[in-house]
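A quick write-up on the structure given underneath.
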Amino acid sequence: MRPIFLQNARILDPSCDMDEKGHILVVDGKIAGTGGGIAAPEDAVSIDLHGLWAAPGLIDMHVHLREPGEEYKETIETGTAAAAAGGFSAVACMPNTNPVNDSSAVTRFIIERARATGSAKVYPVAAVTKGLKGEELAEFQDLMLAGAIAFSDDGNPVSDPGMMRLALQYATGFGALLISHAEERGLSRGRFLNEGRVSTMLGLSGIPSAAEDIAVFRDVRLAEFVGARLHVAHVSTKGTVDIIREAKAKGVKVTAETAPHYFSLTEDAVIGYNTNAKMNPPLRREEDRLAIIEGLMDCTIDAIATDHAPHSRLEKEIEFELAANGIIGLETAVPLALELFRQSFLSPLDVIRCLSSNPAGILRVKGGSLKAGGDADICVIDPEAEFSVTRENLRSRSCNTPFLGKVLKGRAVLTLLDGLPVHNLLGVVF
Ligand SMILES: [Zn+2]
Numbered sequence: 000m001r002p003i004f005l006q007n008a009r010i011l012d013p014s015c016d017m018d019e020k021g022h023i024l025v026v027d028g029k030i031a032g033t034g035g036g037i038a039a040p041e042d043a044v045s046i047d048l049h050g051l052w053a054a055p056g057l058i059d060m061h062v063h064l065r066e067p068g069e070e071y072k073e074t075i076e077t078g079t080a081a082a083a084a085g086g087f088s089a090v091a092c093m094p095n096t097n098p099v100n101d102s103s104a105v106t107r108f109i110i111e112r113a114r115a116t117g118s119a120k121v122y123p124v125a126a127v128t129k130g131l132k133g134e135e136l137a138e139f140q141d142l143m144l145a146g147a148i149a150f151s152d153d154g155n156p157v158s159d160p161g162m163m164r165l166a167l168q169y170a171t172g173f174g175a176l177l178i179s180h181a182e183e184r185g186l187s188r189g190r191f192l193n194e195g196r197v198s199t200m201l202g203l204s205g206i207p208s209a210a211e212d213i214a215v216f217r218d219v220r221l222a223e224f225v226g227a228r229l230h231v232a233h234v235s236t237k238g239t240v241d242i243i244r245e246a247k248a249k250g251v252k253v254t255a256e257t258a259p260h261y262f263s264l265t266e267d268a269v270i271g272y273n274t275n276a277k278m279n280p281p282l283r284r285e286e287d288r289l290a291i292i293e294g295l296m297d298c299t300i301d302a303i304a305t306d307h308a309p310h311s312r313l314e315k316e317i318e319f320e321l322a323a324n325g326i327i328g329l330e331t332a333v334p335l336a337l338e339l340f341r342q343s344f345l346s347p348l349d350v351i352r353c354l355s356s357n358p359a360g361i362l363r364v365k366g367g368s369l370k371a372g373g374d375a376d377i378c379v380i381d382p383e384a385e386f387s388v389t390r391e392n393l394r395s396r397s398c399n400t401p402f403l404g405k406v407l408k409g410r411a412v413l414t415l416l417d418g419l420p421v422h423n424l425l426g427v428v429f
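Below, the structure written as structure tokens:
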């Protein structure tokens, strides 16, 4: 493996607040040096980046890879290829596969498949309760020993507060992270989009934002009560942002993520019964969208995660009420997040922080840094590059996204995983 010398980059390393021009040297799959004063060894592959951004490989802490069980939607191979194409060198995958990742056998299977077929590091999130049923706790210790890095019943809330309390206590005992899919089903069951103007217009029953707020409040309060760490997934409402801001100010150990669609789109995207804009939690009002941007600006929301949720045409090209929830996100996250920079809400370094060092810190996994000695997981971004989101241009097996047919600006043009190119639009031969 020849050394790689990335020259004349705008180096964005949020782990040490670095935003400066310089070079990165990769030797034997590790970062050997970063900065202005390093030189290329004679045998290195030298790439002049002409000011393109070089950042730590992005980390998506919330994806659905669908394997095992729904390989017609996505596999670990195609999902991590989509990740690499989007600039991600690591993903955390949710347990709502078939079978559910509630046993060490499934956790090990995912890790082995990722090793054999993956283009990104894959960190399995295991179920909180067996079968995601909310009735009986999964074997946390077994799952952690097998390689699970967090616990969530994502797709389902843990509805019983007693069960959630127990889970938080167990998680604390094992030093594990609990990720809350916060949804009060009593308010959301049998409902399809945000409750408001658009749901009235379309004549469909909507999910009130309180369905999320109430569940987040409960979980945050429980985490405070038992002294546990809690991570809130896919924040979609202003109410949630307010609750988390207040909890953080009190010192509660809570972190949160939002997804690019919640700061890019509103419920208006659903008009016309667009099933590619149907998701759970649903797209909300403009004031929620703005509150989420504010939450990112003041660090109430720590991370941007895609909630990449591939579905086939079978689940999407049907009546709105019957269509599955979720959209793919790995290959559109960078341009959507860069919009926050273009509109002067976040600096480039802060955008990268939400996509790399913060998720690494929350999950306690390596990466999110360009410091010497670390794995050479690096993402090069051309903030000006435009690309069309088309079925042919996507590496995911599914194309359920409201951005299909759109031209987006800003793109990962090179992704290195342990020093190996897993995505390369630069035309460089390694
Ligand atoms: Zn969820």
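Here numbering that gives the first Met the number 0 is used: position 285 in the sequence shown is 284, and no number is missing along the way. Beta carbons: idealized from backbone N, C-alpha and C, even for Gly. Bear in mind the structure is a predicted one, so any value in this text is a computation, not a measurement.
Tell me which residues share the same chain as residue i and place their Cβ nearer than 6 Å to its Cβ, disregarding the 5 neighbours each side in the sequence.
| i | result |
| --- | --- |
| Val-26 | Pro-2 |
| Ser-387 | Val-406 |
| Lys-129 | Asp-101, Glu-135 and Ala-137 |
| Ser-356 | Pro-13, Ser-14 and Gly-367 |
Does the distance between the C-beta of residue i and the nearest non-hydrogen atom of ligand 1 fall short of 7 Å?
| i | result |
| --- | --- |
| His-233 | yes |
| Asp-218 | no |
| His-180 | yes |
| Asp-374 | no |
| Leu-133 | A small fix is needed here, since residue 133 is Gly in this sequence, not Leu. No, Cβ of Gly-133 sits at least 7 Å from all heavy atoms of ligand 1. |
| Gly-360 | no |
| Asp-212 | no |
| Asp-59 | no |
| Gly-154 | yes |
Applying the 10 Å Cβ sphere with the 16-neighbour rule, what's the burial state of residue i?
| i | result |
| --- | --- |
| His-233 | buried |
| Ala-104 | exposed |
| Ile-438 | With the chain covering only 0 through 429, there is no way to say anything about residue 438. |
| Gly-161 | exposed |
| Glu-285 | exposed |
| Asp-12 | buried |
| Leu-321 | exposed |
| Phe-402 | buried |
| Ile-327 | buried |
| Val-62 | buried |
| Met-60 | buried |
| Asp-381 | buried |
| Cys-398 | buried |
| Ser-343 | exposed |
| Ala-431 | Any question about residue 431 goes unanswered here, given that the chain covers just 0 to 429. |
| Arg-352 | buried |
| Met-296 | exposed |
| Pro-309 | buried |
| Met-0 | exposed |
| Asp-376 | buried |
From residue i to residue j, what distance separates their C-alpha atoms?
| i | j | result |
| --- | --- | --- |
| Arg-431 | Ser-346 | This structure gives no information on residue 431, because the portion of the chain shown stretches from 0 to 429. |
| Glu-211 | Glu-73 | 28 Å |
| Ala-98 | Thr-33 | It is worth fixing the name first, because residue 98 is Pro in this sequence and not Ala. C-alpha separation (whole angstroms): 44 Å. |
| Ala-113 | Ala-80 | 11 Å |
| Ile-46 | Arg-164 | 52 Å |
| Phe-150 | Ala-302 | 17 Å |
| Glu-111 | Ala-248 | 41 Å |
| Ala-175 | Ile-148 | 7 Å |
| Ala-166 | Asp-101 | 14 Å |
| Glu-135 | Arg-312 | 34 Å |
| Lys-237 | Tyr-71 | 36 Å |
| Phe-87 | Glu-19 | 22 Å |
| His-422 | Ile-58 | 15 Å |
| Leu-369 | Pro-55 | 6 Å |
| His-180 | Leu-415 | 31 Å |
| Asp-159 | Thr-389 | 42 Å |
| Leu-425 | Leu-48 | 9 Å |
| Arg-220 | Val-412 | 43 Å |
| Tyr-261 | Val-350 | 15 Å |
| Leu-393 | Cys-378 | 18 Å |
I'd like the list of long-range same chain contacts for residue i, defined as Cβ closer than 8 Å, with 5 residues on each side in sequence excluded.
| i | result |
| --- | --- |
| Gly-294 | Val-234, Val-240, Ile-243, Arg-244, Ala-255, Thr-257 and Ile-300 |
| Thr-171 | Val-225, Gly-226, Ala-227 and Arg-228 |
| Leu-201 | Leu-192, Val-269, Ile-270, Tyr-272 and Phe-319 |
| Gln-168 | Val-225 and Ala-227 |
Give every residue of the same chain whose Cβ lies closer than 7 Å to the Cβ of residue i, excluding the five residues on either side of it in the sequence, and list them in chain order.
| i | result |
| --- | --- |
| Glu-338 | Ser-263 |
| Pro-207 | Leu-186 and Glu-194 |
| Ala-492 | Only positions 0 to 429 of the chain appear in this structure, which leaves residue 492 out of reach. |
| Thr-106 | Asn-100, Pro-123, Ala-125, Leu-142, Ala-145, Gly-146 and Ala-147 |
| Asn-275 | Lys-315, Ile-326, Asn-399, Thr-400, Pro-401 and Leu-403 |
Exercise for review: Run through the stretch 216 to 262 for me and flag every whole alpha helix (DSSP H) of 4 or more residues, listed as ranges in chain order.
Suggested key: Taking only runs of at least 4 residues, the alpha helix (DSSP H) segments lying wholly in the stretch 216 to 262 are 237 to 249.
Practice item. Let me know the beta strand (DSSP E) ranges lying completely inside the stretch 67 to 129, each 3 residues or longer, listed in chain order. Key: Taken in chain order, the unbroken stretches of beta strand (DSSP E) that lie wholly in the stretch 67 to 129 and span 3 residues or more are 87 to 92 and 120 to 125.
**Study point:** Complete runs of the alpha helix (DSSP H) confined to the stretch 317 to 344 [at least 4 residues]
**Key:** If only complete runs of 4 or more residues are kept, the stretch 317 to 344 shows the alpha helix (DSSP H) at 332 to 341, in order along the chain.
**Study point:** beta strand (DSSP E) segments (min. 3 residues) lying fully within the stretch 342 to 396
**Key:** The DSSP assignment places complete beta strand (DSSP E) segments of no fewer than 3 residues inside the stretch 342 to 396 at 377 to 387, in order along the chain.
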